[in-house]
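Each remark here refers to the structure printed beneath this line.
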Amino acid sequence: MRLSKKNRTNPNYFPYVLFSEQGFIHLLIFNKTNIDMKKLSVFLSCLFFVSTTALAFQNTEVDYNAVYKIKDEGLNNSQVMDIAWNLTDRIGPRLTGSSGLKNAYDWTSKEMKEWGLTNVKVEAWGEFGPGWDVKKSYLAMTAPYYQAIIGIPKAWTPGTNGLLSAEVVYVNIQNESDLAKYKGQLAGKVVMLPTTVEATTTFEADARRFTDEQLEDMTSARVSNGNSEFSANRVSDFRRSANLRNAAYQLFKDEGAAMVLATRRGGQGTFFTSNGARRDPDALPEMEIAPEHYNRMVRLAIKGEPVMVEADTKTEFQTKDLQGYNVLAEIEGTDPSLKDEVVMLGAHMDSWFAGTGATDNAAGSAVMMEVMRILKESNTPLKRTVRIALWSGEEQGLYGSRNYVQNTFMKNGAPNKAHEKFSAYYNMDNGTGAVRGIYLQSNEAVRPLFQEWFTAFEDMGANTVTIRNTGGTDHQAFDGIGLPGFQFIQDPIDYNTRTHHSNMDVFERLQAADLRKNAVIIATMVMQTANMDQKMPRKPKVFESGLNTNR
Ligand SMILES: [Zn+2]
137 MRLSKKNRTN PNYFPYVLFS EQGFIHLLIF NKTNIDMKKL SVFLSCLFFV
187 STTALAFQNT EVDYNAVYKI KDEGLNNSQV MDIAWNLTDR IGPRLTGSSG
237 LKNAYDWTSK EMKEWGLTNV KVEAWGEFGP GWDVKKSYLA MTAPYYQAII
287 GIPKAWTPGT NGLLSAEVVY VNIQNESDLA KYKGQLAGKV VMLPTTVEAT
337 TTFEADARRF TDEQLEDMTS ARVSNGNSEF SANRVSDFRR SANLRNAAYQ
387 LFKDEGAAMV LATRRGGQGT FFTSNGARRD PDALPEMEIA PEHYNRMVRL
437 AIKGEPVMVE ADTKTEFQTK DLQGYNVLAE IEGTDPSLKD EVVMLGAHMD
487 SWFAGTGATD NAAGSAVMME VMRILKESNT PLKRTVRIAL WSGEEQGLYG
537 SRNYVQNTFM KNGAPNKAHE KFSAYYNMDN GTGAVRGIYL QSNEAVRPLF
587 QEWFTAFEDM GANTVTIRNT GGTDHQAFDG IGLPGFQFIQ DPIDYNTRTH
637 HSNMDVFERL QAADLRKNAV IIATMVMQTA NMDQKMPRKP KVFESGLNTN
687 R
């Protein structure tokens with residue numbers, strides 16, 4: 137039973153709000169001038185007994201003793217920045233299949249073993265394909281004068297095979313008929329595609345936090361109508377330009393071009409990389425470069441100034457081990473009847489490679505590891521088993537998590553025993569920003585739980601619970617097979633303006649205070665979930681129309 141704090145203004149009325157298990161709200165208002173107070177007190181005592189019994193059964197209230205210990209360990213002895221430093225500065229970029237990610241598997245599993253976690257393993261999820269590393273990257277403009285250029289090989293492209301010095305040809309291909317005019321002109325040349333990136337001056341700050349109004353909008357949001365923002369026109373535009381790019385690439389290859397240069401969104405020294413090329417060692421070497429450096433060469437070429445570049449890039453394909461892996465570790469539950477049930481938390485550890493993948497997603501990986509360390513170190517009581525997963529292949533399509541849930545919770549397209557024994561999964565992959573709340577992922581039944589648990593973090597600015605979905609990361613793998621999977625609302629900071637898949641996604645962009653708080657909040661969510669009497673409520677009907685693996 138919870139006494140509502142609102143409606144207390146009239147002293148003659150005792151309003152009681154009772155939340156029943158079915159979610160019905162009973163509002164009883166007693167006017168004390170008209171009733172026998174003795175009978176009322178007996179009645180209220182009975183109500184109190186019934187409802188505390190119900191609450192004890194649900195066991196969803198915040199365990200403030202445990203929260204105190206979690207806060208103490210997480211705020212006073214935090215290691216989250218040390219973990220993040222190891223993943224970024226020390227290990228470096230962690231592209232799936234690269235030697236950097238392999239080093240991260242080794243270090244994280246070793247570290248978690250040292251913390252005393254159990255069942256620590258680097259587990260194959262299936263075949264990813266050849267791995268790839270950048271061994272050398274040099275590009276400069278040498279005429280009309282010398283200029284070092286900010287750029288990097290496009291993922292999974294081969295290198296230049298030594299130093300290349302060549303003239304730049306600006307190729308203005310707007311539609312297929314433009315291709316013919318470049319026949320016979322591209323052999324040995326460095327080809328530049330028409331730029332569409334304007335690197336304008338920005339008058340707004342890179343970084344921001346959510347305002348109270350924005351959070352309030354999220355709280356009051358309704359379930360979306362499911363209309364996709366991708367109109368048919370946009371899809372056909374997208375197809376048309378993809379086809380044109382492919383045709384242009386084929387022309388460059390057939391004509392014997394030496395290298396392809398491209399630019400992407402960015403500015404002020406930052407550039408955002410693409411999703412890479414086909415993993416083909418016989419492809420043309422390609423580089424992606426900062427827009428201002430790219431645009432300058434395009435302007436020079438258009439005005440008829442001869443532009444020369446030098447390039448020397450070396451990349452290495454690795455075909456010895458084609459498997460992709462996730463790193464897993466556990467704290468075993470202590471309740472004899474609940475310890476075979478599982479609460480999971482995770483983040484993807486793979487990254488792109490122009491920076492060190494600090495906000496995407498060393499931040500999430502470090503926080504989730506820190507959550508495990510806090511829970512272990514503070515001896516937080518956990519009835520269910522808690523398992524961390526550090527995924528790979530997220531950037532290429534949530535491969536690590538999607539394969540894991542299929543391998544672990546499904547058999548022949550149907551849920552298995554482990555599916556039944558699963559409670560909930562928590563994910564962090566929205567950059568470095570502070571947790572401000574959680575997305576319900578349309579699972580309305582869990583709203584009262586999260587609202588209750590987040591009361592412990594109002595002073596940290598985290599108490600927004602929104603029905604909205606959020607996509608693009610690993611909780612969707614769980615959601616897609618009918619298991620509760622959640623991702624936190626985080627302040628955007630400079631994720632979209634500066635870091636997300638950019639060459640400047642580096643250690644400096646991590647917000648230490650935010651990451652410490654996030655670990656404390658997530659550790660509490662995990663602890664509460666592990667200690668509920670029931671598993672996390674699920675959304676209904678996911679299997680009725682067959683398994684939706686695309687969610
Ligand atoms: Zn990403």
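Per the working numbering: the sequence shown = residues 137 to 687.
Quick reminder that beta carbons are idealized off the backbone N, C-alpha and C, glycines included.
Check, Outcome
"Same chain only: Cβ atoms within 7 Å of M672, ignoring 5 sequence neighbours per side", "S559, A560, V582, P620, T665"
"Residue environment, T332, which counts as buried when at least 16 other CB atoms sit within 10 Å", "exposed"
"Straight-line Cα distance separating F614 from N667", "21 Å"
"Enclosing alpha helix (DSSP H) for W221 [first to last residue]", "216-221"
"Chain-order list of residues whose beta-carbon lies under 6 Å from that of S537 (same chain, five-residue window excluded)", "W527, D610, A613"
"Three-state secondary structure (DSSP) of M423", "strand"
"From H429, S313, T399, S356, residue whose alpha carbon lies closest to that of L387", "S313"
"Cβ distance (whole Å) where K509 is taken to contact W251 below 8 Å", "Sequence check: residue 509 is Arg here, not Lys. Indeed they touch by this definition, with Cβ atoms about 5 Å apart."
"Same chain, Cβ closer than 6 Å to G267, five either side skipped, listed in chain order", "G233, S234, Q454"
"Inter-residue Cα distance where the pair is L420 and T296", "8 Å"
"Bounding residues of the beta strand (DSSP E) (the contiguous stretch that carries S273)", "267-279"
"T337 burial status per 10 Å Cβ neighbour count (16 or more: buried)", "exposed"
"Cβ-heavy atom distance, E531 to ligand 1, below 6 Å", "yes"
"For M444 and Y385, the rounded distance between their alpha carbons", "21 Å"
"Anticipated Cβ contact below 8 Å, T492 with D641, distance rounded", "7 Å"
"Coil, strand or helix - N563 by DSSP", "strand"
"Chain-order list of residues whose beta-carbon lies under 6 Å from that of K249 (same chain, five-residue window excluded)", "V256"
"K325 and E303 closer than 7 Å at C-beta", "yes"
"Within 7 Å, strictly: CB atoms of N639 and Y540", "no"
"Burial state of D627, where buried means 16 or more other Cβ atoms lie within 10 Å", "buried"
"Near ligand 1: D208 beta-carbon under 6 Å from a heavy atom", "no"
"C-alpha distance - M505 paired with N239, whole-angstrom precision", "16 Å"
"Whole-number beta carbon distance between T600 and I625, since they are thought to touch under 8 Å", "6 Å"
"Spatial distance of A598 from G573 (CA atoms)", "5 Å"
"Sequence-distant residues of its chain with Cβ nearer than 7 Å to G236 (five each side left out)", "I227, G228, P229, R230"
"heavy atom of ligand 1 below 6 Å from D669 C-beta", "no"
"Any non-hydrogen atom of ligand 1 within 6 Å of D496 CB", "yes"
"Alpha carbon of R432 to alpha carbon of Y281, nearest angstrom", "12 Å"
"Rounded separation between Q459 and N566 - CA only", "27 Å"
"Alpha-carbon spacing of M354 relative to Q542, whole angstroms", "32 Å"
"Uninterrupted alpha helix (DSSP H) stretches inside the region 613-678 (no shorter than 4 residues)", "648-667"
"Alpha-carbon spacing of S501 relative to V216, whole angstroms", "9 Å"
"Euclidean distance between Cα positions of R358 and I603", "6 Å"
"CA-to-CA distance, L351 to K547, given in whole angstroms", "40 Å"
"Paired residues, beta bridge with F590 - DSSP", "According to DSSP, which records beta bridges pairwise, F590 is partnered with nothing at all."
"DSSP-derived helix/strand/coil call for N548", "coil"
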